[in-house]
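Colleague: Here you go, one structure.
Residue numbers (the numbering used here): -11 to 251.
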C-alpha cells in the first residue's frame, strides 16, 4: 500500500506539469474591418475564448486563420478582442493584451514593440485618385500641397510619415475616404492596395479610380510590448507554429482559400 501511494504521489506532479503546459493562453487584439486579412461577419460584444480546434464565431480572414492555426499548433488557447484599430493599439500599448496584429513596421513602433520573425501578410501602399486627377506621378513629391485621406492609426511607413507639406486627413474607414474622394473633398486616398481593392469590389462601388505607383510596402507581423515579460516566448511560439504550417502545406491551403478569389 505504501508503495502504491508513493507511485501515485510521484506521478501527480508529472500530470500537473503536463496539464499546466497545455494551459497556455495568449490575449490578442485586432481590428474588425481589414478584409480579407481580418474582418467580422457579425458584432462581437465580448471577449471570445478560442481553444485549440475551434474558431471565432465572428472574426474571419487570412491573417486570423494563420495566427489561429499557428498558436493552436503550439497548444495555445486564444483570448480574442476585436475593436477599431486605434483602440486595439492602445490595448496592447497599455499592457492589457499580449499581441497586436497585423502590424507593419515603422521606426516609432519599433521603439516599443517586439516583432515576430514570421510575417502574417503583405501590404503595398498606393495612392488612389479620381480618373480625372491632374497629378503627374514622380514620387511622393508629386502630392505636396494636396489633401490626402488616410485611415486613422494605420501605418504607411517612414517615407509617408516623413512627408511634409501634405494635408493628411484622418479617416475612420476606407469607404468613408472614397465617398470624400468622389465628392472632391480630398485629392486622393493613401491605402493598402489589396484590402482597398477587395473592399471596393465587395461594396459594389460604381466609380473606378487610378492607382498611383506603389511608393512603399511592408510585411505585417505580430507584435508584443517590449515590457511584457512573456513577449519573446509568445512570438517565438508563433514563429515555430507558422513554420510548421509551411512545412505541412497547411499555409498553402489557407492561401488558396483566401486568394483564389475575393468572393
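Even for Gly, the Cβ is constructed at its ideal location relative to N, Cα and C.
(1) Looking only at C-alpha atoms, which of 123, 16 and 57 sits nearest to residue 232?
(2) Of the choices 132, 29 and 64, whose alpha-carbon is the least far from that of residue 16?
(3) Inspect the CB distances between the stretch 153 to 160 and the stretch 90 to 104 and report whether three or more fall short of 8 Å.
(4) Who are the near neighbours of residue 211 in its chain, counting only those whose CB is closer than 6 Å to its CB and skipping five residues on each side?
(5) State the start and end residues of the unbroken beta strand (DSSP E) segment that holds residue 32.
(6) Can you list, in chain order, the residues of its chain whose CB lies under 6 Å from that of residue 79, leaving out five sequence neighbours each side?
(7) So what does DSSP say about residue 138, is it helix, strand or coil?
(8) Tell me where the alpha helix (DSSP H) around residue 55 begins and ends.
(9) Going by the CB atoms, is the gap between residue 202 and residue 114 shorter than 7 Å?
(10) According to DSSP, simplified to helix, strand and coil, what is residue 252?
(11) What is the DSSP secondary structure of residue 37, reduced to helix, strand or coil?
(12) Determine the closest residue to residue 147 out of 237, 27 and 206, with distance taken between C-alpha atoms.
(13) Does residue 51 pass the burial test, meaning 16 or more other C-beta atoms within 10 Å, or should it be called exposed?
(14) Have a look at the DSSP bridge pairing and note the partners of residue 230.
Modeller: Straight from the coordinates:
(1) Reading the chain shown from its first residue, position 244 is the one you call residue 232. Here the closest residue by C-alpha is 57.
(2) Within the chain shown, the letter at position 28 stands for residue 16. The shortest C-alpha separation from residue 16 is found at 64.
(3) The answer is no - the stretch 90 to 104 does not touch the stretch 153 to 160, with fewer than three Cβ pairs under 8 Å.
(4) By 1-based counting over the chain shown, the position of residue 211 is 223. Within the same chain, residue 211 has close Cβ partners 88, 91, 101 and 103.
(5) By 1-based counting over the chain shown, the position of residue 32 is 44. Careful: residue 32 lies outside any beta strand (DSSP E) and carries neither H nor E.
(6) Along the chain shown, one-based indexing puts residue 79 at 91. 17 and 85, listed in sequence order.
(7) Here residue 138 is taken as the residue at index 150 of the chain shown, counted from 1. In the structure shown, residue 138 sits in a strand (DSSP, three-state: E or B).
(8) Taking the chain shown and counting its residues from 1, the one referred to as residue 55 is at position 67. 50 to 61 is the span of the alpha helix (DSSP H), which, as asked, contains residue 55.
(9) Working through the chain shown from its first residue, we reach residue 114 at position 126. Working through the chain shown from its first residue, we reach residue 202 at position 214. Yes. Within cutoff.
(10) The requested residue 252 is not part of the displayed model; the chain covers only -11 to 251.
(11) By 1-based counting over the chain shown, the position of residue 37 is 49. Strand, per DSSP.
(12) Taking the first residue of the chain shown as 1, we reach residue 147 at position 159. Answer by Cα proximity: 206.
(13) For the purposes of this step, residue 51 is taken as the residue at position 63 of the chain shown. Flag for residue 51 reads buried.
(14) As a position in the chain shown, residue 230 is number 242, starting the count at 1. Paired residue(s): none; residue 230 is not in a bridge.
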